[in-house]
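Count the sequence shown with this note's numbering and you get residues 657 to 1014, in order. We put the CB at the ideal spot given by N, CA and C, even for glycine.
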Amino acid sequence: MEYDAVTEYEPDDETLSALPQTGERDLETTLRPRKLEEFVGQPRVREQLELVLESARRRGVPPDHVLLSGPPGLGKTSMAMIVAAELGAAIRITSGPALERAGDLAAMLSNLAPGDVLFIDEIHRIARPAEEMLYLAMEDFRVDVVVGKGPGATSIPLEIAPFTLVGATTRSGSLTGPLRDRFGFTGQMEFYSDTELELVVRRAATILDIPIDRDACAEIARRSRGTPRIANRLLRRVRDYAEVRADGEATRAVARAALAVYDVDELGLDRLDRAVLSALTRSFGGGPVGISTLAVAVGEEATTVEEVCEPYLVRAGMLARTPRGRVATPAAWEHLGLVPPADPGRPEQGGPSLFDQD
Ligand SMILES: Nc1ncnc2c1ncn2[C@@H]1O[C@H](COP(=O)(O)OP(=O)(O)OP(=O)(O)O)[C@@H](O)[C@H]1O
Ligand SMILES: [Mg+2]
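Below, the structure is given as structure tokens:
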């Protein structure tokens, strides 16, 4: 078995990662859309949310709890903040991993004012006791605080203000049933189309005062992996290139040259994506192969491969999930400049020549 993919993937190359980079947070805040109508793309989630929020506003009650799910960088945090802004409510922000003990959550909940929005990021990582406390809080706006230990322990019911929980997750599948059921509305965020990303890029260029033409916007959009966070980042790299190596104006030629420097391929696949495809085709003959084996081959956590990388490869038509494991599609082989086997997914029929491609 060859594991050549390991050497190809350098985790510190972050230009194309859908995850936020260190020091990028402030910039992300600047670029975050503040209102629903300013939010580009996600027409379905936007329309559904608009109805949920407007109806609650008319009835004068906090809206149902909202779950936002989807891969990193598609705008879940932005959307959570918009929910609060549209309601004219304050937002308290925490995350699943921060709620290790039920007491942490109880403190958070008891400090809420009526109508506040509580945003729990990465809600699938919430600890069990906190999660159980959340059930009652979401349903009855009440928590039971346990005082003392053993047989003498008593539970004191505590009223909390009616609030709206907004949860965000990159893994809605790993939410427990009872938690998922308590959300009145789930917004499934999808990858953005090139046209939508073009608007994202143009909007960011205006805010950051970057001179860029239409073609350059389109070029960046096309290579952004369907993800606004990446689009905004590539825009900044193109700006750098335009300022240092050109006359400051970002044209298509400048954008192409800049993206080549940063090793962004025509489809915007990042190194991890390419490492996964490379392992899948070169090392495993196209699959099927299990996600954990694949993750080991590229030296990454299985969850990263599954949550960050796989959704886009599936959407780009390069990788298929089958009951027996992950399979490379003919498009994956072609993208890597390899010849797809006659019957993909059955390496034994392709013969040993499959492994001789490079
Ligand atoms: N629809 C959009 N229009 C314009 N910019 C957007 C949009 N969605 C996201 N962005 C930009 O992309 C960046 C990432 O968005 P956000 O932080 O909301 O993503 P996320 O889904 O919460 O990611 P994560 O899963 O990593 O927390 C932000 O800087 C934001 O400005
Ligand atoms: Mg987020």
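Rounded distance between the beta-carbons of residue j and residue i, thought under 8 angstroms
i     : j    : result
L765  : A793 : 5 angstroms
R690  : I738 : 7 angstroms
A817  : L853 : Their Cβ separation, rounded to whole angstroms, is 39 angstroms, which puts A817 and L853 out of contact at 8 angstroms.
R885  : A736 : Contact doesn't hold; Cβ gap of about 15 angstroms is too wide.
Q698  : E846 : 7 angstroms
I776  : G752 : 6 angstroms
R713  : L743 : 7 angstroms
V722  : T825 : The pair is not a contact, with the Cβ atoms about 12 angstroms apart (cut-off 8 angstroms).
D720  : F841 : 5 angstroms
R1016 : E922 : Here the chain covers residues 657 to 1014 and nothing more, so residue 1016 does not appear.
P953  : M974 : Reading the sequence as shown, one finds Ala at residue 953 and not Pro. That belief does not hold up - the Cβ atoms of A953 and M974 are roughly 16 angstroms apart, past 8 angstroms.
Simplified DSSP assignment, three categories, for residue i
i     : result
R980  : coil
D720  : coil
I812  : strand
R830  : Per the sequence presented here, residue 830 reads as Ser, with Arg not at that position. It is helical.
G1001 : The predicted position of G1001 is uncertain, since its pLDDT is 49 and thus under 50; no value can be drawn from it.
A824  : strand
V995  : coil
R838  : coil
T960  : helix
G726  : coil
T851  : helix
L743  : helix
T949  : helix
S673  : coil
I985  : Looking at the sequence provided, one finds Thr at residue 985 rather than Ile. Looking at T985 - three-state DSSP - the assignment turns out to be coil, as it is neither helix nor strand.
G759  : helix
G843  : strand
G1007 : Because the pLDDT of G1007 is 40, which lies under 50, any placement of that residue in the model is unreliable, and the number read from its coordinates should be weighed accordingly. Coil at G1007, not helix or strand.
Residue i Cβ short of 6 angstroms to ligand 1 heavy atom set
i    : result
T733 : yes
E963 : no
L915 : no
R885 : yes
F695 : yes
G687 : Correcting the residue identity first, residue 687 is Leu in this sequence and not Gly. It does: the Cβ of L687 is within 6 angstroms (strictly closer) of some heavy atom of ligand 1.
E742 : no
L936 : no
P718 : no
P728 : yes
E684 : yes
V983 : no
V856 : yes
Any chain D beta carbon closer than 7 angstroms to residue i
i    : result
E710 : In the displayed structure, chain D is absent; only one protein chain is listed.
### Task
Any chance you could list the beta strand (DSSP E) runs of at least 3 consecutive residues sitting entirely within the segment 856-934, in chain order?
none
### Task
Determine contact between the segment 956-973 and the segment 717-735, defined as no fewer than three beta-carbon pairs at a distance below 8 angstroms.
yes
### Message
Is it the case that the segment 756-774 contacts the segment 782-797, given that we only count it when at least three CB pairs across the two stretches are under 8 angstroms?
### Response
yes
### Runs of alpha helix (DSSP H) wholly within the segment 761-789 (minimum 4 residues, chain order)
none
### Query
With contact counted as at least three CB pairs below 8 angstroms, one residue from each stretch, are the segment 889-896 and the segment 926-935 in contact?
no
### Task
With a floor of 4 residues, list each alpha helix (DSSP H) that falls wholly inside the segment 678-720, ordered by position along the chain.
681-687 and 699-715
### Query
Hey, is the segment 906-920 in contact with the segment 937-948, meaning 3+ C-beta pairs nearer than 8 angstroms?
no
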